[in-house]
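Enquirer: Let me give you the structure first, and then I'll get to my questions.
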Ligand SMILES: Cc1cc2nc3c(=O)[nH]c(=O)nc-3n(C[C@H](O)[C@H](O)[C@H](O)COP(=O)(O)OP(=O)(O)OC[C@H]3O[C@@H](n4cnc5c(N)ncnc54)[C@H](O)[C@@H]3O)c2cc1C
Ligand SMILES: Cc1cc2nc3c(=O)[nH]c(=O)nc-3n(C[C@H](O)[C@H](O)[C@H](O)COP(=O)(O)OP(=O)(O)OC[C@H]3O[C@@H](n4cnc5c(N)ncnc54)[C@H](O)[C@@H]3O)c2cc1C
Ligand SMILES: Cc1cc2nc3c(=O)[nH]c(=O)nc-3n(C[C@H](O)[C@H](O)[C@H](O)COP(=O)(O)O)c2cc1C
Ligand SMILES: Cc1cc2nc3c(=O)[nH]c(=O)nc-3n(C[C@H](O)[C@H](O)[C@H](O)COP(=O)(O)O)c2cc1C
Ligand code: FES
Ligand code: FES
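Protein chains in written order, with the numbering used here: chain A, 194 to 513; chain B, 194 to 513; chain C, 539 to 834; chain D, 539 to 834.
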């Protein structure tokens, strides 16, 4: 656990995701601020428990043409960045610069084959990341989204990655999907193959059309939905995964804006959370804000330690 | 086509869903206002092209305990009514009262077996509905949601229903899901079995937890997400169904608030739309409001007929 | 972005009507053997509520039920409702203790409209059975605005006379009626109202709440005098915000939860008023007007 | 519900920064052989924009690119930007006709901060290459507020001098520089600025936009005088609203699209300014400061 000199330690907020110890359960989500080391460093200085890098592959990707982002009703966001990244070789200096300052960095990896995943992951590991998050779930890069919905393929990828990453924990990020039986199957397959945590969810597949020009609002045509709109869907997914009895921790993602939202994910079964779109809606100081809100909640409810909340949602016992 | 004496006819807005002719493409969605004939009648008087009844089964259902509805960030709504209904026998008078006043009524049916679906549908047909919409998709009634995700079961239901409904068009309402390949398979199976239109989507499965009491916000625990939040997901579903080359029309549902939203669904491939939560957000005069907005759009763009818009989204030609 | 919606009678915040504010019960008072008043602090509701509006009360893990607001105090943001113990949810409510948490959403619907001027005559309030809560709140406000207030209060027997003292403190005249004659005249609140109407026919308006049979009876009576009458109705409610249609009472789609629960008696022509109700499945049933308790 | 967010420098509407307003191009004017000005009517942007802020310009079906606002007029809600034809998107833009539709989102980022008082001395504007658009807009506002304005304008050759006449109309002094000597002094806009600084060192502030090499050179020069300097930077932008991190230039996470594009020169210490940029993949590259065109 690397403590952040700019943020006072609050032992009640510390969490463990397997062997990874964090100062608090909020993590900067992949694709947000993380293109540049300065983004990773500044989110950590604001109080993020850890930061996930931009997803990076073996070769450079330019990503999709613009518009790459559009705001919809009620603070919803849709994006189709297309995972621009300079390729792992060129990206390593960004990670190393952050790691050097003591930032707890999680590396996000993609690959077009299990072997490519493994190569990228092993390079990430060598650059000093605490864990590797496998992105098998980007909804505007078809091959990835479909990969993440197939338990066998995911198990293949995980097996190869685990073989090359010397015990560094591997996390898998599930697709933004409402197909819970399948998400549970994928998570179970990944668990058997050796992942250390499940991250749920990536953005949900979506489409918005400008009626004046009759053209999709995003350059890629389709995109991924994020922000408050998807929170109830992702909380449900976390709850279903938790109830399925996984032995590894779950990291919730989707629509978190406040400390209360973090608590909601924990109650549903998460051990930690990631925050993306919130950086836009509540500014890049969202980590210090949610941190204070979580601490206030623990005080108000006289809770010793935030991890006590995981999975504590009361069952209302209705059988639909 | 029954014209509504309180609303001036605008031939540019008239649409055909197979053999069903409507004064305009907006339809009151099932479960909204439709428990009572007065709700069906008033929505039509406001200018709905047709109205769908509350989903009704063979036997009475009390539905879930409260809270049955909760508002979330950004005008999102979550509900778990649990399909309360008095059973088809007791409900028929409500339908007949509306039909008697000339209201174009679509009957929404559920069943616990294909045979039950057929029995309910045939009773609906005898009460004078223009079409029957099969609800195989309620996300807080597990059996229904799962049924609607299984192409074979859906085909079974449709086959039995079609055999008992004397040529009255049968529509099928798909589950709120992001699993497009499966939704397309279900739609294709339903088409082969003889449905006349695909309705997409029902609410999306979701969960929200009150952090103070650590209890789910809805009495049923889980619920269905509706309103503006789900529009980009449902528009995407309509677009995927349209691109799959179905020969039957698609009716879009989810998050429609304005005439512009209706046009967006048409561009994605819909022939008509249903409106639910909008009745809350823009009040029960939403049909007259959207009607005016659609007419203004046609005038501004010099479009002769609204059906010209169906599927006209420009392809941006990016290959993700 | 549409945050507020206008209804015929004014704006309703979507946010407040659809999202519970959860907080501890500050006080529980027994009013009669079967009714208790629950006090919570919800400034957002206290500030915007008006008499006749109601709350959806969430008893976590049990159910959510509609309850009229029976009092508000701006200082402390106090909101009160008064519940009779009649079934599963209300008995769970009655079993709760101070400090336990409830969720309230509201204020919902449209309440009583008091006359603008205080010179047109006194106001008559007719409360039958458990109809007192919204009327007690309404008399508070009416008296504060300078109206003269008369009350006809009925119950099955003396201990069940809900808010008797509260009415007596505020009103110029209070006429009591009990079914068993254990207090006041023997009869119903409508009999008590008749008594008042017959000695002083210059009432500016009449406001009533109670079993629907009683309200119907009052409506038939009042045409003789004639005085504008507003009645507060109860119907089985599922959403409370005008969406589901469960509480619709006429072909115009009037929703008790949104356009009501208070209606001018004229607007109830050609409606289910006094004739029909719906049960929890939505089944349309004859209203049992002989049973004084109707939906309560 | 959170609708507005506060940034260090003030509120930005999430709605406007994230949603295109689509409308027809009202006018296209050729400014130089490689630049055209596009005029649209977007009252929401015209009303709230300030000089140095930019737009994301959506060319439907093609791409979306950042463009500085080059003028606004409140009457008619007029918004203008001025684009050089340098690549795929900008050549598609140059091929468009009046009446064709564009989508604009903005105003984005934070622009120039003019001194509050007009008594501290004249303002110096240094425009190199295609750096004129935000500065022409800024001189409009500065002159309207009563400031005296001097301009140093540079280009490769005489026909490329962007907004020369607009500057000459507003400014007390305009010094021209061309690489080829076809007009004014032979040299860069920094040479022209040096000329002005040497005859009148009492400038209240200096504002510059142009190739980053030129800005860097100006920053080195200005320490001698010393005058507060604000520079407008360009970086490859993917989101334009501070989310993706593509345009971050230092360890504090300063985003050119949100905290910039205009920065006080002091805040650029220990940053990529003058040294590094990112390409469309996010690759960190040495900035080619010898090539006068940098990102433009
Ligand atoms: C606008 C309005 C205001 C009300 N104000 C008050 C009040 O101030 N004080 C008070 O004691 N009661 C009030 N009621 C009645 C109260 O809501 C019911 O007594 C309560 O819902 C009963 O719940 P239960 O589970 O205890 O009873 P149950 O065992 O469920 O049923 C008992 C009876 O209560 C009625 N009921 C049950 N659920 C509902 C519901 N969701 N909506 C309407 N009726 C229902 C039914 O007619 C049923 O026969 C009001 C009702 C409405 C509609
Ligand atoms: C804040 C800001 C304000 C700008 N204002 C103006 C202006 O007023 N007038 C003007 O002519 N130009 C301006 N530019 C530059 C303009 O955005 C680029 O010239 C344009 O994006 C090129 O697109 P293209 O497809 O035609 O060129 P491409 O063929 O894509 O590339 C040509 C060069 O343009 C740059 N570029 C391409 N896309 C982007 C992008 N999304 N963000 C930043 N740079 C990019 C790259 O460095 C590339 O080398 C501004 C840029 C920024 C960041
Ligand atoms: C602009 C943007 C870029 C993203 N890029 C990535 C990415 O590269 N890899 C990834 O795994 N997820 C990416 N995501 C998804 C987020 O990490 C996150 O899963 C999702 O946005 C839901 O969380 P939120 O609602 O907090 O944003 C991106 C999201 C956004 C908004
Ligand atoms: C309160 C409520 C009740 C509903 N009941 C039903 C129902 O009985 N049958 C059904 O098929 N869909 C039901 N739905 C789903 C809607 O018909 C519709 O598919 C969904 O809400 C999405 O559309 P919207 O965003 O316009 O509300 C219900 C939705 C709501 C909000
Ligand atoms: S209770 Fe749903 S409309 Fe009144
Ligand atoms: S362009 Fe995305 S942060 Fe600046």
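All residues carry an ideal CB built from backbone N, CA and C; glycine is no exception.
Could you tell me which uninterrupted alpha helix (DSSP H) segments, each at least 4 residues in length, are contained entirely in the stretch 317-376 of chain B, listed from first to last along the chain?
Expert: Complete alpha helix (DSSP H) runs here, min 4: 335-341, 344-357.
Enquirer: What residue does the beta strand (DSSP E) around residue 816(D) start on, and which one ends it?
Expert: As a first step, residue 816(D) must be located in the fourth chain, where it is residue number 278. Element bounds for residue 816(D): 814-816.
Enquirer: Using the C-alpha atoms, what's the distance from residue 581(D) back to residue 350(A)?
Expert: By 1-based counting over the first chain, the position of residue 350(A) is 157. By 1-based counting over the fourth chain, the position of residue 581(D) is 43. Going by the C-alpha atoms only, they are around 52 angstroms apart.
Enquirer: Do we get a CB-CB distance below 8 angstroms when we pair residue 507(B) with the residues of chain A?
Expert: What you label residue 507(B) is simply residue 314 of the second chain in a count that begins at 1. Cβ-Cβ to chain A under 8 angstroms: yes for residue 507(B).
Enquirer: Closer than 7 angstroms between the C-beta and any heavy atom of ligand 5: which residues qualify, listed along the chain?
Expert: The filter returns 775(C), 776(C), 777(C), 778(C), 779(C), 780(C), 781(C), 782(C), 783(C), 784(C), 785(C), 786(C), 793(C), 794(C), 795(C), 796(C), in chain order.
Enquirer: Whose Cβ in chain B lies nearer than 8 angstroms to the Cβ of residue 601(C)?
Expert: For the purposes of this step, residue 601(C) is taken as residue 63 along the third chain, with counting starting at 1. Simply 258, 259, 412.
Enquirer: List, from N- to C-terminal side, the alpha helix (DSSP H) runs of 4 residues or more that fit wholly inside the stretch 554-578 of chain D.
Expert: Runs of the alpha helix (DSSP H) inside the stretch 554-578 of chain D: none found.
Enquirer: Under 8 angstroms, Cβ to Cβ, is there at least one residue of chain B near residue 583(C)?
Expert: For the purposes of this step, residue 583(C) is identified with residue 45 of the third chain, where counting begins at 1. False, the Cβ-Cβ gap to chain B never drops below 8 angstroms.
Enquirer: Using CA coordinates, which residue listed in 811(D), 670(D), 757(D) is at the minimum distance from residue 705(D)?
Expert: Working through the fourth chain from its first residue, we reach residue 705(D) at position 167. Checking every option, the nearest Cα to that of residue 705(D) belongs to 670(D).
Enquirer: Once DSSP output is grouped into helix, strand and coil, what is the label at residue 466(B)?
Expert: One-based indexing of the second chain puts residue 466(B) at position 273. Strand at residue 466(B).
Enquirer: Return the Cβ separation of residue 768(D) and residue 745(D) in integer angstroms, given the expectation that the two are a contact with Cβ distance under 8 angstroms.
Expert: As a first step, residue 768(D) is located in the fourth chain; it is residue number 230 there, counting from the start. As a first step, residue 745(D) is located in the fourth chain; it is residue number 207 there, counting from the start. Between residue 745(D) and residue 768(D) the Cβ distance is about 5 angstroms, and since that is below 8 angstroms, they are a contact.
Enquirer: I'd like to confirm something about residue 799(D): is its beta-carbon nearer than 7 angstroms to some heavy atom of ligand 2, or not?
Expert: In the fourth chain, the residue the question calls residue 799(D) occupies position 261. Residue 799(D): yes, Cβ under 7 angstroms from ligand 2.
Enquirer: Using a Cβ cut-off of 8 angstroms, which residues of the stretch 477-495 of chain B contact any Cβ in chain C, in chain order?
Expert: Here the close residues are 477.
Enquirer: Can you tell me the Cβ-Cβ gap for residue 557(C) and residue 696(C), rounded? I've got them flagged as a contact below 8 angstroms.
Expert: Position 19 of the third chain, counted from the start, is the residue given in the question as residue 557(C). Position 158 of the third chain, counted from the start, is the residue given in the question as residue 696(C). With a Cβ gap of about 41 angstroms, residue 557(C) and residue 696(C) do not count as contacting.
Enquirer: Just the C-alpha distance for residue 577(C) and residue 290(A), rounded to the nearest angstrom, thanks.
Expert: For the purposes of this step, residue 577(C) is taken as the residue at position 39 of the third chain. For the purposes of this step, residue 290(A) is taken as the residue at position 97 of the first chain. About 57 angstroms.
Enquirer: Beta-carbon of residue 563(D) versus every beta-carbon of chain A: anything under 8 angstroms?
Expert: Stepping through the fourth chain from its first residue, residue 563(D) is reached at position 25. It does not; no Cβ of chain A falls within 8 angstroms.
Enquirer: Classify residue 197(B): buried if its beta carbon has 16 or more other beta carbons within 10 angstroms, exposed otherwise.
Expert: Reading the second chain from its first residue, position 4 is the one you call residue 197(B). Buried.
Enquirer: Please work out which residues of its chain come closer than 6 angstroms, Cβ to Cβ, to residue 319(B), disregarding the five sequence neighbours upstream and downstream, and give them in chain order.
Expert: What you label residue 319(B) is simply residue 126 of the second chain in a count that begins at 1. The answer is none, since no qualifying residue turns up.
Enquirer: Is the closest heavy atom of ligand 4 to the C-beta of residue 594(C) under 7 angstroms?
Expert: Stepping through the third chain from its first residue, residue 594(C) is reached at position 56. Not so, every heavy atom of ligand 4 lies at least 7 angstroms from the Cβ.
Enquirer: Using the C-alpha atoms, what's the distance from residue 403(B) back to residue 551(C)?
Expert: Taking the first residue of the third chain as position 1, residue 551(C) is located at position 13. Taking the first residue of the second chain as position 1, residue 403(B) is located at position 210. Since pLDDT at residue 551(C) reaches only 40, below the 50 mark, its modelled position is unreliable, and no value is offered.
Enquirer: Measuring only from the beta carbon, is residue 654(C) closer than 7 angstroms to any heavy atom that is part of ligand 1?
Expert: What you label residue 654(C) is simply residue 116 of the third chain in a count that begins at 1. No - ligand 1 has no heavy atom lying nearer than 7 angstroms to the Cβ of residue 654(C).
Enquirer: May I ask you to check if the CB of residue 772(C) is nearer than 7 angstroms to at least one heavy atom of ligand 1?
Expert: Along the third chain, one-based indexing puts residue 772(C) at 234. Within the cutoff, so yes.
Enquirer: For a test of the three-state rule: what should DSSP assign to residue 509(B), helix, strand or coil?
Expert: Translated into positions along the second chain, residue 509(B) becomes position 316. Coil.
Enquirer: Under 8 angstroms between the Cβ atoms of residue 573(D) and residue 699(D)?
Expert: Start at 1 with the first residue of the fourth chain, and residue 573(D) comes out as number 35. Start at 1 with the first residue of the fourth chain, and residue 699(D) comes out as number 161. No, Cβ-Cβ distance for residue 573(D) and residue 699(D) is not below 8 angstroms.
Enquirer: Per DSSP, residue 604(C) forms a beta bridge with which residues?
Expert: Position 66 of the third chain, counting from 1, holds the residue named residue 604(C). According to DSSP, residue 604(C) bridges with 594(C).
Enquirer: Does residue 457(A) have its Cβ less than 8 angstroms from a Cβ in chain B?
Expert: On the first chain, residue 457(A) is found 264 positions in, with the first residue counted as 1. Closer than 8 angstroms to some Cβ of chain B, the Cβ of residue 457(A) qualifies, so yes.
Enquirer: What are the uninterrupted segments assigned as alpha helix (DSSP H) that are 4 or more residues long and contained completely in the stretch 230-276 of chain A, given in chain order?
Expert: Runs found: 230-239.
Enquirer: Given a threshold of 16 other Cβ atoms within 10 Å of its Cβ, counted over all protein chains shown, does residue 202(A) qualify as buried or as exposed?
Expert: Working through the first chain from its first residue, we reach residue 202(A) at position 9. With fewer than 16 other Cβ atoms within 10 Å, it is exposed.
Enquirer: Give me the Cα-Cα distance between residue 594(C) and residue 605(C), rounded to the nearest whole angstrom.
Expert: Within the third chain, numbered from 1, the residue matching residue 594(C) stands at position 56. Within the third chain, numbered from 1, the residue matching residue 605(C) stands at position 67. About 6 angstroms.
Enquirer: Quick check: is the beta carbon of residue 668(C) nearer than 8 angstroms to any beta carbon in chain B?
Expert: Here the question's residue 668(C) lines up with position 130 in the third chain. Judged by the 8 angstroms Cβ criterion, residue 668(C) is not in contact with chain B.
Enquirer: Interface residues of chain D around residue 135(A) at Cβ under 7 angstroms?
Expert: Absent from the structure is residue 135(A), since the part of chain A shown begins at 194 and ends at 513.
Enquirer: Could you check where the beta strand (DSSP E) with residue 482(A) kicks off and where it finishes?
Expert: Position 289 of the first chain holds residue 482(A). Here residue 482(A) belongs to no beta strand (DSSP E); instead the alpha helix (DSSP H) covers 479-493.
Enquirer: Could you check if residue 788(D) is buried or exposed, using at least 16 other CB atoms within 10 Å of its CB as the buried criterion?
Expert: Mapped onto the fourth chain, residue 788(D) falls at position 250. Per the 10 Å Cβ criterion, buried.
Enquirer: Mapping the DSSP letters down to three states, classify residue 737(D) as helix, strand or coil.
Expert: On the fourth chain, residue 737(D) is found 199 positions in, with the first residue counted as 1. If DSSP states are grouped into helix, strand and coil, residue 737(D) belongs with the helices.
Enquirer: Taking Cβ-Cβ distances shorter than 8 angstroms, what residues in chain A pair up with residue 779(D)?
Expert: For this step, residue 779(D) is matched to residue 241 along the fourth chain. The answer, in chain order, is 262, 473.
Enquirer: Taking CB distances under 8 angstroms as the criterion, tell me whether residue 498(B) reaches chain A.
Expert: Counted from its first residue, the second chain places residue 498(B) at position 305. Chain A, which has no Cβ nearer than 8 angstroms to the Cβ of residue 498(B), makes this no.
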